[in-house]
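*Asks:* Pasting in a structure now, in structure tokens, and then I'll have a few things to ask.
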Amino acid sequence: MRVNVLKSERKSNVPRQHHYISKSYLKYFTPNHSEDEKLHVFDQKNHKVFCTRPVNVAKELDYFWMEPTPQMPDPYQLEYDIGQTESQFEEVVRHLLKCEHLPPSYSEPHKTLIYNIARLMATSPGMRDFIRKSSDRYLKSMMNTQTASEDSYLQVMAAAGCSELIKNLTYKQFRCFVEAEDEYQFQMDHSYVVYLQVKQILDYATLLESKHWHMAFAKGNDEYFATCDSPVNLMPSEWTPPDQIPLRKGASLDTYVFLFPLTSKIMMIGEPSPKNRGRTLNMTREFVGIHNSCTIIQAYRHAFLPSQSVLLANNDSLGLVNFLEGPCDVECTQKTLDRYQRYRLVARAQNRNDKLREARRELKRAFNG
7 MRVNVLKSER KSNVPRQHHY ISKSYLKYFT PNHSEDEKLH VFDQKNHKVF
57 CTRPVNVAKE LDYFWMEPTP QMPDPYQLEY DIGQTESQFE EVVRHLLKCE
107 HLPPSYSEPH KTLIYNIARL MATSPGMRDF IRKSSDRYLK SMMNTQTASE
157 DSYLQVMAAA GCSELIKNLT YKQFRCFVEA EDEYQFQMDH SYVVYLQVKQ
207 ILDYATLLES KHWHMAFAKG NDEYFATCDS PVNLMPSEWT PPDQIPLRKG
257 ASLDTYVFLF PLTSKIMMIG EPSPKNRGRT LNMTREFVGI HNSCTIIQAY
307 RHAFLPSQSV LLANNDSLGL VNFLEGPCDV ECTQKTLDRY QRYRLVARAQ
357 NRNDKLREAR RELKRAFNG
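According to my numbering, numbering within the sequence shown proceeds without interruption in unit steps and concludes at 375.
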């Protein structure tokens, strides 16, 4: 993502492609961790499965093309800074793959990984769309409040220095415009959307730093973590009765465990409790399947898979979408079963079973078609 741009090139209006999921991250989901190798992509939007190189996915045109503002730094400097963090990210990941522990000589490796998690959470097209829609709803709600009565309307317009406008636009006319909210839409400046995303990266990083992180490894030769363009999954840290689970996970993020697939073989786990901090765990095949099920449900557009084949679990009672080369007949521990039972109840309480079944049907259609 590091780019050297001449000043004369900055004035060009030709759109440029930007990877909102970096190639340095996606390549660790190919068989031998190379940008020249292919990974399996399940496109939920078009219901297709195909193989391609990391450079060909998770990209869009003209992402950082904007004029610098007092709030927003130079976009090219921003790209360069992101390139620097990606270099540090790769250094840490290579060490983890080789030694299975964080490099002791590297300063603050957790922060390097956490920043990249935060960036992946904040820069997806789904998040940009969410920012635009949220701002649109907020502005319309604010207009409704400020025009609830003629007195409040006159006060707001006077405070905004629009006394001349009031003469030509009566309260009733403006109120009719506000009430026709389905007939207009606010257009947010592109620079401001990206500014909000950069701010969101910092907010996410602060949240993630409050967690206690440790590593989990998928040891089997046929076990792989999947990822997507919204790669962070959340699980309750403790048993919660279904009727007490908040409708929105953000209502109690401090009680959730964060699961982030760092590579096809390594997962980062952030917990509220420090009891597992710094530990390394070995994940069972069933847990890998559960995580990949969550990824498919949550994926906005793509899921990226390293394995050469995709199988659906024959045992419907497990409710898993497995990205494994082999049958799901490995005996799992009671602890893993208990964790899965908790997750299944949570999924049912949050009305996610229908989504899981639809994900299975889409995968089956894609691979049979």
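Think of the CB as a built atom: it goes at the ideal place given N, C-alpha and C, for glycine as much as any other residue.
Compute the Euclidean distance between the alpha carbons of Lys-255 and Cys-300, then round it to the nearest angstrom.
*Replies:* Per-residue confidence for Lys-255 stands at a pLDDT of 46, beneath the threshold of 50, marking its modelled position as unreliable; the derived number appears in the next sentence. Computed Cα separation, rounded: 14 Å.
*Asks:* For my contact list, Phe-266 and Met-273 are in at a C-beta cut-off of 8 Å; report their separation, rounded to the angstrom.
*Replies:* Yes, they are in contact, since the Cβ atoms of Phe-266 and Met-273 sit about 7 Å apart, within 8 Å.
*Asks:* Quick check: the Cα distance between Ile-308 and Tyr-121, rounded to an integer number of angstroms?
*Replies:* Note that residue 308 is His in the sequence shown, not Ile. When rounded, the distance between both Cα atoms is 22 Å.
*Asks:* Can you give me the Cβ contacts of Ile-137 inside the same chain, cut-off strictly under 6 Å, excluding the 5 residues immediately before and after it?
*Replies:* Counting only Cβ-Cβ distances below 6 Å, and skipping sequence neighbours, we find Val-199 and Leu-202.
*Asks:* With distances taken from CA atoms, which of Ser-40, Phe-180 and Asp-228 is nearest Val-294?
*Replies:* Closest option to Val-294, Cα to Cα, is Asp-228.
*Asks:* With C-beta atoms as the reference, is Leu-395 less than 8 Å away from Gly-276?
*Replies:* In the structure as shown, the chain starts at 7 and stops at 375, and residue 395 therefore has no counterpart that could be examined.
*Asks:* Closest to Cys-105 by CA distance: which of Pro-280, Pro-312 and Lys-271 is it?
*Replies:* The shortest C-alpha separation from Cys-105 is found at Lys-271.
*Asks:* Tell me the start and end of each unbroken alpha helix (DSSP H) in the region 172-213 that is at least 4 residues and wholly inside, in chain order.
*Replies:* Runs of the alpha helix (DSSP H) inside the region 172-213: 177-185.
*Asks:* Name the DSSP beta bridge partners of Asn-288, please?
*Replies:* Partner(s): Phe-223.
*Asks:* Does DSSP put Lys-17 in a helix, a strand or coil?
*Replies:* Interpretation of Lys-17 is limited by its pLDDT of 43, a score under 50 that renders its predicted location unreliable; the figure taken from the coordinates is listed afterwards. Note: Lys-17 maps to coil in three-state DSSP.
*Asks:* Terminal residues of the continuous beta strand (DSSP E) containing Lys-54?
*Replies:* Run containing Lys-54: 54-58, per the beta strand (DSSP E) assignment.
*Asks:* When DSSP builds the beta bridges, which residues end up paired with Met-274?
*Replies:* Bridge partners of Met-274: Met-221 and Phe-266.
*Asks:* Could you check whether Met-133 and Val-238 sit closer than 8 Å to each other, using their CB atoms as the reference points?
*Replies:* Against a cut-off of 8 Å, the Cβ pair of Met-133 and Val-238 comes out as no contact.
*Asks:* Hey, Phe-180 and Tyr-210: beta-carbon distance below 8 Å or not?
*Replies:* Not in contact: Phe-180 and Tyr-210 (Cβ atoms no closer than 8 Å).
*Asks:* Hey, how far is the Cα of His-218 from the Cα of Lys-173?
*Replies:* Taking the straight line joining both Cα atoms gives about 60 Å.
*Asks:* In three-state terms, what does DSSP make of Ser-323?
*Replies:* Per-residue confidence for Ser-323 stands at a pLDDT of 26, beneath the threshold of 50, marking its modelled position as unreliable; the derived number appears in the next sentence. Of the three classes helix, strand and coil, the one that applies to Ser-323 here is coil, per DSSP.
*Asks:* Please look up how many angstroms separate the CB atoms of Pro-312 and Phe-35, rounded, as I've assumed it's under 8 Å.
*Replies:* The Cβ separation is near 5 Å, so the contact holds.
*Asks:* If we ignore side chains and look at the alpha-carbon of each, how far apart do Asn-62 and Ser-30 end up?
*Replies:* Their Cα atoms are separated by approximately 13 Å.
*Asks:* Nearest to Asn-298 by alpha carbon, out of Phe-183, Cys-57, Met-241 and Ser-279?
*Replies:* Checking every option, the nearest Cα to that of Asn-298 belongs to Met-241.
*Asks:* Closer than 7 Å to a non-hydrogen atom of the ligand SAH - does that hold for the CB of Tyr-198?
*Replies:* Here there are no bound small molecules, and the ligand SAH is not part of this structure.
*Asks:* Based on the DSSP secondary-structure assignment, which residues constitute the bridge partners of Glu-66?
*Replies:* Bridge partners of Glu-66: His-24.
*Asks:* If you draw a straight line from the C-alpha of Thr-153 to the C-alpha of Asp-235, how long is it?
*Replies:* C-alpha separation (whole angstroms): 40 Å.
*Asks:* Among Leu-287, His-25 and Arg-59, which has the Cα closest to the Cα of His-39?
*Replies:* For His-39, the nearest C-alpha among the options comes from Arg-59.
*Asks:* Would you say Arg-125 and Gly-226 are within 8 Å of each other, going by their C-beta atoms?
*Replies:* The answer is no: Cβ separation not under 8 Å.
*Asks:* Can you give the Cα-Cα distance for Ser-140 and Ser-147, rounded to whole angstroms?
*Replies:* If you take the alpha carbons of Ser-140 and Ser-147, they lie about 10 Å apart.
*Asks:* Among Ser-130, His-101 and Thr-129, which one has its Cα closest to the Cα of His-116?
*Replies:* Among Ser-130, His-101 and Thr-129, the Cα nearest to that of His-116 belongs to His-101.
*Asks:* If you measure between the beta carbons of Ala-64 and His-107, is that distance less than 8 Å?
*Replies:* Their beta carbons are not under 8 Å apart, which means Ala-64 does not touch His-107 by this criterion.
*Asks:* Rounded to whole angstroms, what's the CA-CA distance from Pro-37 to Glu-85? Just pull it up for me.
*Replies:* C-alpha separation (whole angstroms): 28 Å.
*Asks:* If the criterion is Cβ atoms closer than 8 Å, does the pair Gln-94 and Thr-118 meet it?
*Replies:* Yes. Within cutoff.
*Asks:* Go ahead and pull the three-state DSSP assignment for Val-98.
*Replies:* Looking at Val-98 - three-state DSSP - the assignment turns out to be helix.
*Asks:* In its own chain, which residues sit with a C-beta less than 7 Å from the C-beta of Ser-130, not counting the 5 before and 5 after it?
*Replies:* So the list reads Tyr-26, Asp-235, Ser-236 and Tyr-306, once near-sequence residues are dropped.
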